[in-house]
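Student: To start, I am sharing the structure in question, which I have written as structure tokens.
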Amino acid sequence: MADLKDFAEQLVNLTVKEVNELADILKEEYGIEPAAAAVAVAGGGAAGGGDAEAAEEKSEFDVILTAAGGSKLAVVKLVKELTGLGLKDAKDIVDSAPKAVKEGVAKDEAEGIKKSLEEAGAEVELK
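First residue of the sequence shown? That's 1 in full-length UniProt numbering, and the numbers climb one at a time after it.
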């Protein structure tokens with residue numbers, strides 16, 4: 001039982017890059033769709049506390065896409081991958097920037113998402 005708790009803690013503390021790598025492994029080696037795995041892992045970090053707690057400690061952040069930048073298609077694909085949304089919904093988020101990509105995520109995860117989006121050419125801020 002303790003091993004399962006340790007495993008669950010490791011899953012919750014994965015970075016965005018690690019979640020993406022895990023999703024690739026699950027899909028390629030085990031035939032499990034990565035969108036379901038990414039949502040399950042990313043959702044675990046967001047379930048921690050309420051808005052009052054986030055305001056006091058600032059342990060949860062919103063990742064805001066402020067502009068798509070020059071590589072809009074790459075940003076749309078990345079938003080789709082990060083959120084588990086469909087292509088049209090991801091495109092709508094990018095087109096309506098400034099818009100929240102993820103809300104209420106842990107600092108490490110928020111910084112990982114920001115870094116990934118910036119590498120794709122987007123302009124991002126954390127709130």
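Virtual Cβ for every residue (Gly too), placed ideally from N, Cα, C. Model, not experiment: these values are computed from the prediction.
Would you report the Cα separation of residue 61 and residue 29, rounded to the nearest angstrom?
Tutor: Rounded to the nearest angstrom, the two C-alpha atoms are 33 Å apart.
Student: Pick helix, strand or coil for residue 14, following the three-state DSSP scheme.
Tutor: coil
Student: Could you say if the region 118-127 and the region 74-81 meet the contact criterion of at least three C-beta pairs nearer than 8 Å?
Tutor: yes
Student: What whole-angstrom Cβ distance do residue 102 and residue 93 have, given they're in contact under 8 Å?
Tutor: Rounded, the Cβ-Cβ distance is 10 Å, inconsistent with contact.
Student: What is the rounded straight-line gap between the Cα of residue 5 and the Cα of residue 16?
Tutor: 21 Å
Student: Identify the continuous alpha helix (DSSP H) that holds residue 74 and give its terminal residues.
Tutor: 72-83
Student: How is the beta strand (DSSP E) around residue 104 delimited, first residue to last?
Tutor: 99-106
Student: Which residues bound the beta strand (DSSP E) around residue 67?
Tutor: 60-67
Student: Using the rule of at least 16 other Cβ atoms within 10 Å of the residue's Cβ for burial, across every protein chain shown, is residue 25 buried or exposed?
Tutor: exposed
Student: Please look up how many angstroms separate the CB atoms of residue 105 and residue 63, rounded, as I've assumed it's under 8 Å.
Tutor: 7 Å
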